[in-house]
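Enquirer: Chains as they are written, first to last, in UniProt numbering: chain A, 1 to 186; chain C, 1 to 888.
One structure is given below, represented as structure tokens, and several questions about it will come after.
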Amino acid sequence: MGHEFRDYSKDSCPSVKNILLLDSEGKRVAVKYFSDDWPTHAAKLAFEKSVFTKTLKTNARTEAEITMFDGYLVVYKFIHDLHFFVTAGDDENELILASVLQGFYDAVTLLLRNDVEKRTALENLDLILLCIDEIADGGIILETDANVIAGKVATNAVDGAVPFSEQTISQALATAREHLARSLLK
Amino acid sequence: MAQPLVKKDDDRDDEADYSPFLGIEKGAVLQEARVFNDPQLDARRCSQVITKLLYLLNQGETFTKVEATEVFFAVTKLFQSKDTGLRRMVYLMIKELSPSADEVIIVTSSLMKDMNSKTDMYRANAIRVLCRITDGTLLTQIERYLKQAIVDKNPVVASAALVSGIHLLQTNPEIVKRWSNEVQEAMQSRAALVQFHALALLHQIRQNDRLAVSKLVTSLTRGSVRSPLAQCLLIRYTSQVIRESSTNSQTGERPFFDYLESCLRHKAEMVIFEAARAITELSGVTSRELTPAITVLQLFLSSSKPVLRFAAVRTLNKVAMTHPLAVTNCNIDMESLISDQNRSIATLAITTLLKTGNESSVDRLMKQITNFMADIADEFKIVVVDAIRSLCLKFPLKYRSLMNFLSNILREEGGFEYKKAIVDSIVTLIRDIPDAKESGLFHLCEFIEDCEFTYLSSQILHFLGNEGPKTSDPSKYIRYIYNRVILENATVRASAVSTLAKFGAMVDSLKPRIFVLLRRCLFDTDDEVRDRATLYLKVLGGEVTVGETETDANDFLFGSFDVPLVNLETSLRNYEASEEPFDINSVPKEIKSQPLAEKKAPGKKPTTGLGAPSNGPVSAVDAYERLLSSIPEFAGFGALFKSSAPVELTEAETEYAVNVVKHIYDGHVVFQYNCTNTIPEQLLENVTVFVDASEAEEFAEVASKPLRSLPYDTPGQTFVAFEKPEGGPATGKFSNILKFIVKEVDTSTGEAEDEGVEDEYQLEDLEIVPGDYMRKVPVANFKNAWESMGPENEQVDEYALGVRESLAEAVSAVINILGMQPCEGTEVVPSNSRSHTCLLSGVYIGNVKVLARLSFGISGPKEVAMKLVVRSEDPDVTARIHQIVIES
Numbered sequence: 001m002g003h004e005f006r007d008y009s010k011d012s013c014p015s016v017k018n019i020l021l022l023d024s025e026g027k028r029v030a031v032k033y034f035s036d037d038w039p040t041h042a043a044k045l046a047f048e049k050s051v052f053t054k055t056l057k058t059n060a061r062t063e064a065e066i067t068m069f070d071g072y073l074v075v076y077k078f079i080h081d082l083h084f085f086v087t088a089g090d091d092e093n094e095l096i097l098a099s100v101l102q103g104f105y106d107a108v109t110l111l112l113r114n115d116v117e118k119r120t121a122l123e124n125l126d127l128i129l130l131c132i133d134e135i136a137d138g139g140i141i142l143e144t145d146a147n148v149i150a151g152k153v154a155t156n157a158v159d160g161a162v163p164f165s166e167q168t169i170s171q172a173l174a175t176a177r178e179h180l181a182r183s184l185l186k
Numbered sequence: 001m002a003q004p005l006v007k008k009d010d011d012r013d014d015e016a017d018y019s020p021f022l023g024i025e026k027g028a029v030l031q032e033a034r035v036f037n038d039p040q041l042d043a044r045r046c047s048q049v050i051t052k053l054l055y056l057l058n059q060g061e062t063f064t065k066v067e068a069t070e071v072f073f074a075v076t077k078l079f080q081s082k083d084t085g086l087r088r089m090v091y092l093m094i095k096e097l098s099p100s101a102d103e104v105i106i107v108t109s110s111l112m113k114d115m116n117s118k119t120d121m122y123r124a125n126a127i128r129v130l131c132r133i134t135d136g137t138l139l140t141q142i143e144r145y146l147k148q149a150i151v152d153k154n155p156v157v158a159s160a161a162l163v164s165g166i167h168l169l170q171t172n173p174e175i176v177k178r179w180s181n182e183v184q185e186a187m188q189s190r191a192a193l194v195q196f197h198a199l200a201l202l203h204q205i206r207q208n209d210r211l212a213v214s215k216l217v218t219s220l221t222r223g224s225v226r227s228p229l230a231q232c233l234l235i236r237y238t239s240q241v242i243r244e245s246s247t248n249s250q251t252g253e254r255p256f257f258d259y260l261e262s263c264l265r266h267k268a269e270m271v272i273f274e275a276a277r278a279i280t281e282l283s284g285v286t287s288r289e290l291t292p293a294i295t296v297l298q299l300f301l302s303s304s305k306p307v308l309r310f311a312a313v314r315t316l317n318k319v320a321m322t323h324p325l326a327v328t329n330c331n332i333d334m335e336s337l338i339s340d341q342n343r344s345i346a347t348l349a350i351t352t353l354l355k356t357g358n359e360s361s362v363d364r365l366m367k368q369i370t371n372f373m374a375d376i377a378d379e380f381k382i383v384v385v386d387a388i389r390s391l392c393l394k395f396p397l398k399y400r401s402l403m404n405f406l407s408n409i410l411r412e413e414g415g416f417e418y419k420k421a422i423v424d425s426i427v428t429l430i431r432d433i434p435d436a437k438e439s440g441l442f443h444l445c446e447f448i449e450d451c452e453f454t455y456l457s458s459q460i461l462h463f464l465g466n467e468g469p470k471t472s473d474p475s476k477y478i479r480y481i482y483n484r485v486i487l488e489n490a491t492v493r494a495s496a497v498s499t500l501a502k503f504g505a506m507v508d509s510l511k512p513r514i515f516v517l518l519r520r521c522l523f524d525t526d527d528e529v530r531d532r533a534t535l536y537l538k539v540l541g542g543e544v545t546v547g548e549t550e551t552d553a554n555d556f557l558f559g560s561f562d563v564p565l566v567n568l569e570t571s572l573r574n575y576e577a578s579e580e581p582f583d584i585n586s587v588p589k590e591i592k593s594q595p596l597a598e599k600k601a602p603g604k605k606p607t608t609g610l611g612a613p614s615n616g617p618v619s620a621v622d623a624y625e626r627l628l629s630s631i632p633e634f635a636g637f638g639a640l641f642k643s644s645a646p647v648e649l650t651e652a653e654t655e656y657a658v659n660v661v662k663h664i665y666d667g668h669v670v671f672q673y674n675c676t677n678t679i680p681e682q683l684l685e686n687v688t689v690f691v692d693a694s695e696a697e698e699f700a701e702v703a704s705k706p707l708r709s710l711p712y713d714t715p716g717q718t719f720v721a722f723e724k725p726e727g728g729p730a731t732g733k734f735s736n737i738l739k740f741i742v743k744e745v746d747t748s749t750g751e752a753e754d755e756g757v758e759d760e761y762q763l764e765d766l767e768i769v770p771g772d773y774m775r776k777v778p779v780a781n782f783k784n785a786w787e788s789m790g791p792e793n794e795q796v797d798e799y800a801l802g803v804r805e806s807l808a809e810a811v812s813a814v815i816n817i818l819g820m821q822p823c824e825g826t827e828v829v830p831s832n833s834r835s836h837t838c839l840l841s842g843v844y845i846g847n848v849k850v851l852a853r854l855s856f857g858i859s860g861p862k863e864v865a866m867k868l869v870v871r872s873e874d875p876d877v878t879a880r881i882h883q884i885v886i887e888s
């Protein structure tokens, strides 16, 4: 009971097998597995290593990239020293996967207030873990809209604070520019 | 490893290694967790400690049972705090700890209280946590709340309940099925995701009721689904309904096709793609149905988003396997993808082009691929090599440029698997395309001059020994082989010595020179090399006699080894040195359990990279031949003519899985039943198949070979052999019953009981059909072969095939019945064509070459007519091919 996983076949719900956030050396920042395909810790690490090395040389910084190996589809996107991955079985709809990745990536951007890098991610690990928890439940996609995901996570963090859902992407980008300007002036 | 591509502000570099969790240690964190017991809870501090615990779990740290229990009890104390942030972390922690049943009871009341809280976030999360950790008994208590939650006006709460329902349906279907009404109400929700989750659950509840699913699809496809995800789901269910229903025979319309087509115009890309993919996967999809789907996929090919390009090219790649002509329109877009940054996309584009390309485009394509090969990873290269091999078998006339390509890439850098794929491809081409033999062997010789892989060198030397002596000028290979003796390691030297000996044995004119070379090997530093050289010199030189004739000696030296190596190894290990010499005849020839037909592991399929075509047949036949000749009962049947692909005799997921391979000999057939016992609690013994051949009058059972024991999940074989009239065309139907003695097995000890019970199990029938007497053998150039065969034994006739679904369907049906090899890609019928010519070649039992030219024509009401011209080496066989068509 509890943590048993099921693989949902093609005739049923779109689902993901894992969501990974690794650093620029392939080490874990936060990971969540929804499948028994990797039963041991060693198997999980081996998968992460192989995903990391297979995607390392690609440029996934502007658009999300995709690859397929060992019967899995992996979509991924990098920013600074963080590597975002979403994995599914090879018969999943690639674009659904991409929307999950986009939701994850954008929600983390919102939650970390544009300071998307390993250090900030670790400092706010609670938010990252809650974020993953709001994206999928047992592999079934719960939500892909970044504003909604970040909103659900952030209302928990600070009672009565401005919920994230009200901070739109454009506002977030404005903050980012400001942030950049300040670091240039220093 | 390459340097990670990290761009960082310079002033950050010195702190790069900083982590808030630096030096974190499990013991210390567990100590810190004591703050959970403080009477005055510090919510912030508690949240931090939980985050640390979650960090440890996330890094793969494990808690002992005692530690986990302690943490769990401490965490339950935190329900006292009113802090929502902390509560959220508590939920997460409980899920991660996956508490045992008696621990669950502790938190049940707190979670039930939260399920009825006014705070939406509490309700949603408490439901998810409780449903994740609960078992069936608790479910009845909370069922009422869950039903309420499904129709909760807050979408997050409703989704939480619905998704939990999807999980719970697997373990407690009878309870979840009672929620149907509420789920249906949730379907009407205005929230997109609620509709998606409700649809998923509703379908799962009804999935075994085909009528209900069909009704659901009928009502929803009229359009009330808003969320793109729900729309994708609906497309999947619709394809399922289409699969299970039949096409309207009068109008030829497929039900719901209009709906799928309308989804191609949806505003969300994921829906468009899902619909396009669903259309391409329809069984027996027509080219008219394919066209709109191919059009949208073609647009995706030039998208700026890699994911979109990948999805489109992957789908088109699959379509190209069955409908290559439908994809040719995309060839220009596809060619520009060869230089795509994303190598997965480039590889898929290349392999698609190789499948859709025609004979005239091969050369141009090869040029592009040559540029592309340099910068892709080995695993992609292997996919390309496999595609090239298939292409070469399809267009044997083009073997020159394809063989050149293979030899070029063989000379370049690459790992073992890649090189092995190339060598295997060249070997296949040499075997199947006689014209390619000399150049292929030459390329392999060049390769071993500078090959770092001992395994490949040995394999090539062995192959060279078999094929080289049969060429027009065997002497030119000697230099390459002897170079190995001088330059290589002991293993390769030993192989080279054997190869030299084979040349000496088979080509008399070379014998004296080979002897000179072999004598030099007598001074080798390695025992094995010297021993081999000595043996060959003595036997071939006639100093030692083996058997009576020279053939006996050759058989002794180079014949196939008829004892399984595993058995020989066991026997040798058991042999105790004594006066009595080791007798090879004492080694059992029976193969214990050889999983010839590998069972697919349920759930996870072994996919090879990017859908590489498997290359089984050649090696499978060899393996069968070896297996059968090792069984004394069948040894007198002569040469094996053909082995069929395995035919399943049981449904998937039954107690015993059985499939059969039909082995055809000139005067016999052998049925090889591959059996797998899928029940861990059973051991089967003395397994036989009782075959009733009353509907196969010309067949008489002559021998059978029972399987002594069939343990759980270890496949084994039992055989039954029949005598039949020489050659063709005896056909018939056989009914099969699996008989065995079943013994109970204690799964904890693995021991079986002594006493067993006889039992039997009905299998499906199997048939010997005319196609079983035909082997698919391609010819390099059909026209030449046709002309050299001459019209002596030609027979022409015309046949009406009646109303068929399409021209393509009629063509493939006739090919299947005859069991012959389509040549020059003529099995593919261009869409919309009214007539088609198909060229077939094959070898009929008795080793009679057969060629057939089939001309098809289709009339308005789908009436198909066929003109069949057959040429063969034997007039009886020609007539028999016509007879096959008449009778079917």
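We put the beta carbon where it would ideally sit given N, CA and C, even for glycine.
1. Pull up the distance between the alpha-carbon of Glu25 (chain C) and that of Glu61 (chain C), whole angstroms please.
2. Give me the Cα-Cα distance between Pro830 (chain C) and Glu446 (chain C), rounded to the nearest whole angstrom.
3. Which word fits Arg198 (chain C), buried or exposed, when buried means at least 16 other C-beta atoms lie within 10 angstroms of its C-beta?
4. Here's the rule: buried if 16 or more other CB atoms are within 10 angstroms of the residue's CB, otherwise exposed. What is Ala635 (chain C)?
5. Could you say which of C:Cys131, C:Ile422, C:Glu887, C:Phe416 lies nearest to Asn408 (chain C) if we only look at CA atoms?
6. Can you look up Asn585 (chain C) in the DSSP assignment and give me helix, strand or coil?
7. Ordered along the chain, which non-local residues of its own chain (more than five positions away) have a Cβ less than 7 Å from that of Val742 (chain C)?
8. Can you give me, in chain order, the residues of the stretch 282 to 313 of chain C that have a beta carbon less than 8 Å from any beta carbon in chain A?
9. How far does the alpha helix (DSSP H) with His83 (chain A) in it reach, from first residue to last?
10. With which residues is Asp772 (chain C) paired in a DSSP beta bridge?
11. Looking at C-alpha atoms only, which residue of A:Ile135, A:Leu95, A:Asn93 is the closest neighbour of Leu20 (chain A)?
12. With a cut-off of 8 Å on the beta carbons, I'd call Ile132 (chain A) and Lys32 (chain A) a contact; round off their distance for me.
13. Just confirm the distance between the C-beta atoms of Pro306 (chain C) and Glu65 (chain A), as a whole number of angstroms; I'd bet it's less than 8 Å.
14. Once DSSP output is grouped into helix, strand and coil, what is the label at Pro602 (chain C)?
15. Taking one C-beta from the stretch 39 to 46 of chain A and one from the stretch 86 to 101 of chain A each time, how about it: are there three or more such pairs within less than 8 Å?
16. Using the DSSP secondary-structure output, state which residues sit across from Met112 (chain C) in a beta bridge.
17. Leaving out five residues before and five after Asn554 (chain C) in sequence, what residues of the same chain have Cβ atoms less than 6 Å from its Cβ?
18. Relative to the alpha-carbon of Asp666 (chain C), which residue among C:Thr218, C:Arg775, C:Ala293, C:Ser164 has its alpha-carbon at the smallest distance?
19. Suppose the cutoff is 7 Å on Cβ atoms and the five residues either side in sequence are ignored; what does the same chain contact list for Ala30 (chain A) look like?
20. My output table needs one value for Pro173 (chain C): the three-state DSSP class, helix, strand or coil.
21. Have a look at Pro875 (chain C) and Asn793 (chain C) and give me their C-alpha separation to the nearest angstrom.
22. Is Asn816 (chain C) buried or exposed, if buried means 16 or more other CB atoms sit within 10 Å of its CB?
23. At a CB-CB cut-off below 8 Å, which residues of chain C make contact with His43 (chain A)?
24. Short of 7 Å Cβ to Cβ, which residues in the stretch 22 to 44 of chain A face chain C?
25. Since Asp876 (chain C) is in the beta strand (DSSP E), which residue starts that stretch and which ends it?
26. Taking 8 Å as the threshold (beta carbon to beta carbon), is Asn154 (chain C) in contact with chain A?
27. For the beta strand (DSSP E) that Lys65 (chain C) lies in, which residues bound it at each end?
28. Spell out the partners DSSP gives Gln762 (chain C) in its beta bridges.
29. For Gly860 (chain C), does the three-state DSSP call read helix, strand or coil?
30. Measuring alpha carbon to alpha carbon, tell me which residue in C:Glu653, C:Ser644, C:Asp754 is nearest Asp772 (chain C).
31. Using a C-beta to C-beta distance shorter than 7 Å, which residues of chain A count as neighbours of Arg128 (chain C)?
32. In the DSSP assignment, the alpha helix (DSSP H) including Asn371 (chain C) goes from what residue to what residue?
Expert: From the atom records:
1. Here residue 25 (chain C) refers to the residue found at position 25 of the second sequence. Here residue 61 (chain C) refers to the residue found at position 61 of the second sequence. Rounded to the nearest angstrom, the two C-alpha atoms are 10 Å apart.
2. By 1-based counting over the second sequence, the position of residue 830 (chain C) is 830. By 1-based counting over the second sequence, the position of residue 446 (chain C) is 446. Roughly 42 Å between the two C-alpha positions.
3. Here residue 198 (chain C) corresponds to residue number 198 of the second sequence, with the count starting at 1. The displayed chain sequence assigns Ala, not Arg, to residue 198 (chain C). The residue in question, Ala198 (chain C), is buried, as its Cβ has 16 or more Cβ neighbours within 10 Å.
4. As a working mapping, residue 635 (chain C) is identified with position 635 in the second sequence. Note on Ala635 (chain C): under 16 other CB atoms within 10 angstroms of its CB, so exposed under the neighbour-count rule.
5. On the second sequence, position 408 is the one that residue 408 (chain C) refers to. Per the Cα distances, C:Ile422.
6. Your numbering for residue 585 (chain C) matches position 585 in the second sequence. In the structure shown, Asn585 (chain C) adopts helical secondary structure according to DSSP, grouped into three states.
7. Locating residue 742 (chain C) in the second sequence gives position 742, where the first residue counts as 1. The beta carbon of Val742 (chain C) sits closer than 7 Å to the beta carbons of Gln682, Leu684, Gly756, Val757, Asp759 from its chain, once the five residues preceding and following it are set aside; these are given in chain order.
8. Along the stretch 282 to 313 of chain C, the positions whose C-beta sits under 8 Å from a C-beta of chain A are Ser304, Lys305, Pro306, Val307, Leu308, Phe310, Ala311, read in chain order.
9. By one-based count along the first sequence, residue 83 (chain A) stands at place 83. Looking at the DSSP string, His83 (chain A) is not in any alpha helix (DSSP H); the run it does join, the beta strand (DSSP E), is 82 to 89.
10. Translated into the one-based positions of the second sequence, residue 772 (chain C) becomes position 772. Beta-bridge pairing links Asp772 (chain C) to no other residue.
11. Position 20 of the first sequence holds residue 20 (chain A). Out of A:Ile135, A:Leu95, A:Asn93, the CA that lies nearest to the CA of Leu20 (chain A) is found in A:Ile135.
12. Counting from one through the first sequence, the residue named residue 132 (chain A) turns up at place 132. Counting from one through the first sequence, the residue named residue 32 (chain A) turns up at place 32. Taking a contact as a CB-CB distance under 8 Å, the pair Ile132 (chain A) and Lys32 (chain A) counts as one, their CB atoms being some 5 Å apart.
13. Working through the second sequence from its first residue, we reach residue 306 (chain C) at position 306. Working through the first sequence from its first residue, we reach residue 65 (chain A) at position 65. Going by Cβ atoms, the distance from Pro306 (chain C) to Glu65 (chain A) rounds to 5 Å, so yes, they are a contact pair.
14. By 1-based counting over the second sequence, the position of residue 602 (chain C) is 602. Confidence in Pro602 (chain C) is poor, its pLDDT being 39 and thus under 50, which makes the residue's placement too unreliable to answer from.
15. Touching, no, given that fewer than three Cβ pairs across the two stretches are closer than 8 Å.
16. Position 112 of the second sequence, counted from the first residue, corresponds to residue 112 (chain C). According to DSSP, which records beta bridges pairwise, Met112 (chain C) is partnered with nothing at all.
17. Counted from its first residue, the second sequence places residue 554 (chain C) at position 554. Correct list, in chain order: Ala505.
18. Counted from its first residue, the second sequence places residue 666 (chain C) at position 666. Closest by alpha carbon: C:Arg775.
19. Locating residue 30 (chain A) in the first sequence gives position 30, where the first residue counts as 1. Closer than 7 Å at the Cβ level, and outside the excluded window around Ala30 (chain A), lie Leu21, Leu125, Ile128, Leu129, Ile132.
20. Looking up residue 173 (chain C) in the second sequence gives position 173. Pro173 (chain C): helix per DSSP, three-state reduction.
21. Reading the second sequence from its first residue, position 875 is the one you call residue 875 (chain C). Reading the second sequence from its first residue, position 793 is the one you call residue 793 (chain C). Cα to Cα, Pro875 (chain C) sits roughly 5 Å from Asn793 (chain C).
22. The residue you call residue 816 (chain C) lines up with position 816 of the second sequence. Using a 10 angstroms sphere on the CB of Asn816 (chain C), the tally of other CB atoms stays under 16, which defines it as exposed.
23. Along the first sequence, one-based indexing puts residue 43 (chain A) at 43. For the record, residue 43 (chain A) in the displayed sequence is Ala; it is not His. Per Cβ cutoff of 8 Å: no residues; Ala43 (chain A) is ~11 Å from chain C at best.
24. Cβ contacts with chain C come from Ser24, Glu25, Arg28, Ala30, Val31, Asp37, His41.
25. Taking the second sequence and counting its residues from 1, one reaches residue 876 (chain C) at position 876. Annotation for Asp876 (chain C): no beta strand (DSSP E) segment contains it, though the alpha helix (DSSP H) segment containing it runs 875 to 887.
26. As a first step, residue 154 (chain C) must be located in the second sequence, where it is residue number 154. Chain A, which has no Cβ nearer than 8 Å to the Cβ of Asn154 (chain C), makes this no.
27. The sequence position of residue 65 (chain C) within the second sequence is 65, counting from 1. From DSSP, Lys65 (chain C) is part of no beta strand (DSSP E) but of the alpha helix (DSSP H) over 65 to 77.
28. Locating residue 762 (chain C) in the second sequence gives position 762, where the first residue counts as 1. C:Ile737.
29. One-based indexing of the second sequence puts residue 860 (chain C) at position 860. DSSP places Gly860 (chain C) in coil when its eight states are reduced to three.
30. By 1-based counting over the second sequence, the position of residue 772 (chain C) is 772. Selected option, being the one with the closest Cα: C:Ser644.
31. By one-based count along the second sequence, residue 128 (chain C) stands at place 128. Ordered by position in chain A, the residues that pass the 7 Å Cβ test against Arg128 (chain C) are Asp137.
32. On the second sequence, position 371 is the one that residue 371 (chain C) refers to. Start and end: 362 to 373.
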